[in-house]
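To start, the structure under review is shown below, and the notes come after it.
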Amino acid sequence: MGMEVNIIGLIDNTYLRPYGSTREIEALIEDTARYGAYSITINPVFLRYAREYMARKGYNFKVVAVVDFPFGAGTTELG
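All residue numbers for the sequence shown refer to the working numbering, where the first residue is 1071 and numbers rise by one.
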C-alpha cells in the first residue's frame, strides 16, 4: 500500500477579484473549511472581514493577502 497524500491540503483557495462582496468571501471561507484547503488568498480589502468571520466560526487555516494584484499599478514608492 502506498502512502496517501491529501492534495487539497496543499492548495490555496483564492478569491482575487478586485471587487466583490463579503458574501463571496464567506463562501470562499466555508468551501476552504469544508474541503480542507491549506489557506485562502484574498485581496487586502477583505482581510479584516475574513479574519473576523473565521474567528467567529472557529476556523484557523492560513489567510494570505496579495499586494497590488491584479492591477499591478502600484510603485515601490507607495506609502
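Ideal Cβ positions, reconstructed from N, Cα and C, are used throughout, including at glycine.
Across the structure, Phe1131 and Arg1093 are spaced so that their CA atoms are roughly 19 Å apart.
Membership of Tyr1085 in the beta strand (DSSP E) is indicated by the continuous run 1082 to 1085. In the structure shown, Ala1135 adopts extended strand secondary structure according to DSSP, grouped into three states. Ile1081 sits away from Tyr1119, with the two beta carbons spaced by 9 Å or more. DSSP lists Asp1082, Lys1132 as the beta-bridge partner residues of Ser1109.
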